[in-house]
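K.L.:
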Amino acid sequence: DATLLFEIDASISSVYVRYGLPPTKEVFTLQSPPHLRMLTASPCDLLSPTTWHIALHMAKPSEVEAQHVSPTRVAVLAKLNSAQLALDERVHPLDRDGRGYVCCGGTRFFRLPEVSEGEALLAALNLTSGVVQALLLKWGSCPTDYDIDMTSGTCRGFCAIEWLTRRGGYSGEMYNTSFASAAIPVGVGEQADKRRRGPWYVGVKALPELAAQFELTTSIYKPPAFKQVQTSCDRFKMCAQDPSRLAWAAAAPPPPPPPQPGSLSAEAQERQDGIVSMVIPPFTFIVGVGALIFGTLLILRRRKRRQLLRPIRRPATV
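Mapped onto our numbering, the consecutive letters of the sequence shown carry residue numbers 21 to 338.
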């Protein structure tokens with residue numbers, strides 16, 4: 021349940037870090053750029069033992085001059101910081117002896133061990149230096165790039181994301197913000213209810229080759245009461261938010277209309293005339309009408325036949 025913090029006291033070309041196996045220039049977990057002397061690596065599984073492999077790299081002499089670094093002796097400091105987080109706890113930035121540091125395109129993970137099912141998690145991030153890409157929340161396991169829908173920029177499953185780096189829709193330039201908060205949806209309006217009982221992970225995702233320091237807080241929030249928004253409606257526009265329409269939909273079924281003035285209702289008419297009404301099923305009614313029509317045609321056919329068979333009477337001769 022710890023995060024690796026690795027620091028050197030001199031500038032070199034890069035530091036490579038890899039989980040489980042020695043890193044190479046092609047395969048690694050994190051890579052620091054030149055002049056960045058500190059990096060942090062956070063495992064996705066914060067409950068299992070982790071083995072980190074670290075390699076220090078100095079480029080070729082032709083490349084070293086462009087990087088403005090030179091061969092040197094370096095002192096190395098490696099330590100572990102706890103990744104556990106409690107509700108209402110404040111994570112301070114690194115320059116204030118805190119854990120708020122992330123770099124090199126990696127994600128710094130924190131784990132809240134237990135959140136009840138009826139509670140909605142809220143995380144607030146405040147950058148004190150540098151820029152980051154996003155703030156993420158996820159239930160049960162660490163959030164990764166596979167949880168993000170790159171088309172819509174939303175987080176799939178039981179997670180939430182808030183971007184601190186966005187690309188302008190018209191200019192195409194990157195814009196950064198220093199504060200963001202991510203909240204788990206609770207099912208208000210068209211949002212799904214993503215509250216779940218158990219551990220929750222908070223992730224701060226860095227931009228490649230950049231470092232940032234931050235303050236992080238987590239808390240439980242209660243969603244605001246849902247208020248019905250009243251919009252204008254007229255005879256040319258049907259509006260589902262019309263107060264009279266909403267009142268009609270919420271009321272009980274309307275009573276039957278009263279009888280016409282000067283006339284009796286059907287029940288009163290039956291009592292007065294002594295008539296007992298009878299409900300005839302549709303099938304019985306159709307069969308009865310069909311039999312009546314068939315009987316009428318049969319009678320007409322017999323009459324016509326009799327007329328044809330009747331002997332012709334000739335007039336008497338004189």
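Where is the CB? At the ideal position from N, CA and C, for every residue including glycine.
All figures in this text were calculated on a predicted structure; none of them were measured in a lab.
Measure the alpha-carbon distance for S161 versus R217 and round it to whole angstroms.
P.N.:
Taking the sequence shown and counting its residues from 1, one reaches residue 161 at position 141. Taking the sequence shown and counting its residues from 1, one reaches residue 217 at position 197. Answer to the nearest angstrom: the Cα atoms are 13 Å apart.
K.L.:
Taking the beta carbon of F199 as the centre, do at least 16 other beta carbons fall within 10 Å, making it buried, or is it exposed?
P.N.:
As a first step, residue 199 is located in the sequence shown; it is residue number 179 there, counting from the start. Looking at its Cβ environment, which holds fewer than 16 other Cβ atoms inside 10 Å, F199 is exposed.
K.L.:
List the DSSP bridge partners of I313.
P.N.:
Residue 313 sits at position 293 when you count from the first residue of the sequence shown. According to DSSP, which records beta bridges pairwise, I313 is partnered with nothing at all.
K.L.:
Which residue from T49, R186, I240 and I32 puts its Cα closest to that of G40?
P.N.:
Translated into positions along the sequence shown, residue 40 becomes position 20. Per the Cα distances, T49.
K.L.:
Give me whichever residues DSSP pairs with E182 in a beta bridge.
P.N.:
Taking the sequence shown and counting its residues from 1, the one referred to as residue 182 is at position 162. Paired residues: L155.
K.L.:
Cβ atoms of V222 and T238: under 8 Å apart, would you say?
P.N.:
Residue 238 sits at position 218 when you count from the first residue of the sequence shown. Residue 222 sits at position 202 when you count from the first residue of the sequence shown. Cβ distance < 8 Å, so T238 and V222 count as in contact.
K.L.:
Thinking C-alpha only, which one of P54, Y121, G207 and D29 is nearest Y36?
P.N.:
As a working note, residue 36 is residue 16 in the sequence shown. Among P54, Y121, G207 and D29, the Cα nearest to that of Y36 is on P54.
K.L.:
If you count every other CB in all the chains shown that lies within 10 Å of the CB of K99, and 16 or more means buried, which is it?
P.N.:
Within the sequence shown, the letter at position 79 stands for residue 99. Exposed, by the Cβ-count rule.
K.L.:
State the CB to CB distance for the pair V234 and G126, rounded to an integer number of angstroms; the pair is presumed to be in contact (CB under 8 Å).
P.N.:
Numbered from its first residue, the sequence shown carries residue 234 at position 214. Numbered from its first residue, the sequence shown carries residue 126 at position 106. First, the residue type needs correcting, since residue 234 is Phe and not Val in the sequence shown. Their Cβ separation, rounded to whole angstroms, is 14 Å, which puts F234 and G126 out of contact at 8 Å.
K.L.:
Would V151 and L230 be called neighbours here (beta carbons separated by less than 8 Å)?
P.N.:
Counting from 1 along the sequence shown, the entry for residue 151 is found at position 131. Counting from 1 along the sequence shown, the entry for residue 230 is found at position 210. Going by C-beta atoms, V151 is nearer than 8 Å to L230.
K.L.:
How long is the line joining the alpha carbons of T316 and R322, rounded to whole angstroms?
P.N.:
Counting from 1 along the sequence shown, the entry for residue 316 is found at position 296. Counting from 1 along the sequence shown, the entry for residue 322 is found at position 302. Straight-line Cα distance between these residues: approximately 10 Å.
K.L.:
I'd like the span of the beta strand (DSSP E) that includes P42, first residue to last.
P.N.:
As a first step, residue 42 must be located in the sequence shown, where it is residue number 22. That residue, P42, is in no beta strand (DSSP E); it is neither H nor E in DSSP.
K.L.:
If you measure between the beta carbons of R215 and E137, is that distance less than 8 Å?
P.N.:
Taking the first residue of the sequence shown as position 1, residue 215 is located at position 195. Taking the first residue of the sequence shown as position 1, residue 137 is located at position 117. It is a contact, given that the beta carbons lie within the stated cut-off.
K.L.:
Using 8 Å as the threshold, is the segment 193 to 213 in touch with the segment 81 to 99, meaning 3 or more CB pairs across them?
P.N.:
Verdict: no, contact absent.
K.L.:
Counting along the chain, where does the beta strand (DSSP E) carrying A106 start and finish?
P.N.:
Taking the sequence shown and counting its residues from 1, one reaches residue 106 at position 86. Here A106 belongs to no beta strand (DSSP E), and DSSP marks it neither H nor E.
K.L.:
By DSSP, does V208 sit in helix, in strand, or in coil?
P.N.:
Within the sequence shown, residue 208 is the residue found at index 188, counting from 1. Three-state result, V208: coil.
K.L.:
Quick one: measure Cβ to Cβ for L156 and C124, integer angstroms, because I've assumed they're closer than 8 Å.
P.N.:
What you label residue 156 is simply residue 136 of the sequence shown in a count that begins at 1. What you label residue 124 is simply residue 104 of the sequence shown in a count that begins at 1. With a Cβ gap of about 17 Å, L156 and C124 do not count as contacting.
K.L.:
Can you look up I319 in the DSSP assignment and give me helix, strand or coil?
P.N.:
Residue mapping note: residue 319 aligns to position 299 of the sequence shown, counting from 1. Reduced to three states, the DSSP call for I319 is helix.
K.L.:
Report the rounded CA-to-CA distance for F26 versus Q104, giving the unit in angstroms.
P.N.:
The residue you call residue 26 lines up with position 6 of the sequence shown. The residue you call residue 104 lines up with position 84 of the sequence shown. Taking the straight line joining both Cα atoms gives about 19 Å.
K.L.:
Going by alpha carbons, who is nearest to P113 out of K158, R131 and N146?
P.N.:
Taking the sequence shown and counting its residues from 1, the one referred to as residue 113 is at position 93. Comparing Cα-Cα distances from P113 to each of K158, R131 and N146, the minimum goes to N146.
K.L.:
Nearest to S90 by alpha carbon, out of V96, S102 and H77?
P.N.:
Against the sequence shown, residue 90 aligns to sequence position 70. S90 has its Cα closest to that of H77, out of V96, S102 and H77.
K.L.:
Which class does E290 belong to by DSSP, given the choice of helix, strand or coil?
P.N.:
If you number the sequence shown from 1, residue 290 lands on position 270. Its pLDDT being 44, under 50, E290 is placed unreliably by the model, and nothing is read from it.
K.L.:
Closest by CA to R131, which one among I319, L236 and K242?
P.N.:
As a first step, residue 131 is located in the sequence shown; it is residue number 111 there, counting from the start. The shortest C-alpha separation from R131 is found at L236.
K.L.:
Please list the terminal residues of the continuous alpha helix (DSSP H) segment that includes S82.
P.N.:
Taking the first residue of the sequence shown as 1, we reach residue 82 at position 62. Start and end: P81 to Q87.
K.L.:
What would DSSP say about L50, mapped onto helix, strand or coil?
P.N.:
The residue you call residue 50 lines up with position 30 of the sequence shown. Three-state DSSP puts L50 in a strand.
K.L.:
Go ahead and label K45 buried or exposed: buried means 16 or more other beta carbons lie within 10 angstroms of its beta carbon, across all protein chains shown.
P.N.:
Residue mapping note: residue 45 aligns to position 25 of the sequence shown, counting from 1. Burial call: exposed.
K.L.:
At what residues does the beta strand (DSSP E) containing T148 begin and finish?
P.N.:
Taking the sequence shown and counting its residues from 1, the one referred to as residue 148 is at position 128. That run of the beta strand (DSSP E) goes A140 to G150.
K.L.:
Secondary structure at R116, three-state DSSP: helix, strand or coil?
P.N.:
Taking the sequence shown and counting its residues from 1, one reaches residue 116 at position 96. Of the three classes helix, strand and coil, the one that applies to R116 here is helix, per DSSP.
K.L.:
Looking at the structure shown, is D213 part of a helix, part of a strand, or coil, going by DSSP?
P.N.:
For this step, residue 213 is matched to residue 193 along the sequence shown. Strand.
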